[in-house]
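Structure representation (structure tokens):
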């Protein structure tokens, strides 16, 4: 008789665990950073799928928002503007410092929308990449060497 109750109890636990895992809300992927005293709300891009999609198909980005791509190691990373509707600035970051900046990366022309020919890449090794609206870097006086505070 005890084995029967143990079996039923185990089944109930498995059902509850499955229900919990299937209905669990995804973890928040937003965080705040400070750069040159300016606060930015950034969406973290951590998985390969998120990194590949990036800002593709988005119509805009709020004025104090960005996408932060986080890599496991420093290196040289290539970015394209596939299916982009607006221009961006790209900050290349190593640890907590801006090491390179790409100003005003242009959205693709109509004939390149699906497969842009222009590739943007850092000139100095980086382990993070931050995309913000074009002009944000200049407007906020961000320079190479700035320290970024991750909240």
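Residue numbers (the numbering used here): -5 to 145. Quick reminder that beta carbons are idealized off the backbone N, C-alpha and C, glycines included. Bear in mind that the values here come from a model prediction, so they are computed numbers and not experimental data.
Straight-line gap, residue i to residue j (C-alpha atoms, nearest Å)
i, j, result
"residue 130", "residue 58", "8 Å"
"residue 97", "residue 85", "8 Å"
"residue 43", "residue 65", "13 Å"
"residue 106", "residue 125", "20 Å"
"residue 138", "residue 28", "15 Å"
"residue 143", "residue 108", "35 Å"
"residue 21", "residue 38", "The predicted model places residue 21 with a pLDDT of 49, which falls under 50 and marks its position as unreliable; any figure quoted below should be read in that light. So the alpha carbons of these two residues sit roughly 11 Å apart."
"residue 100", "residue 91", "24 Å"
"residue 141", "residue 77", "31 Å"
"residue 89", "residue 63", "12 Å"
"residue 51", "residue 73", "15 Å"
"residue 40", "residue 31", "25 Å"
Bridge partners - residue i, DSSP secondary structure assignment
i, result
"residue 39", "63"
"residue 94", "86"
"residue 28", "33 and 143"
"residue 124", "62 and 85"
"residue 114", "73"
Residue i versus the options, residue with shortest Cα-Cα distance
i, options, result
"residue 122", "137, 70, 103 and 34", "70"
"residue 103", "80, 61 and 32", "80"
"residue 49", "83, 68 and 33", "83"
"residue 55", "76, 127 and 132", "127"
"residue 61", "34, 117 and 114", "34"
"residue 45", "75, 145 and 132", "75"
"residue 136", "120, 95, 111 and 145", "95"
Buried/exposed call for residue i, threshold 16 Cβ in 10 Å
i, result
"residue 24", "exposed"
"residue -4", "exposed"
"residue 116", "buried"
"residue 93", "buried"
"residue 118", "exposed"
"residue 113", "exposed"
Residue i at chain C interface by Cβ criterion, 7 Å
i, result
"residue 44", "Of the protein chains in this structure there is only one, and it is not chain C."
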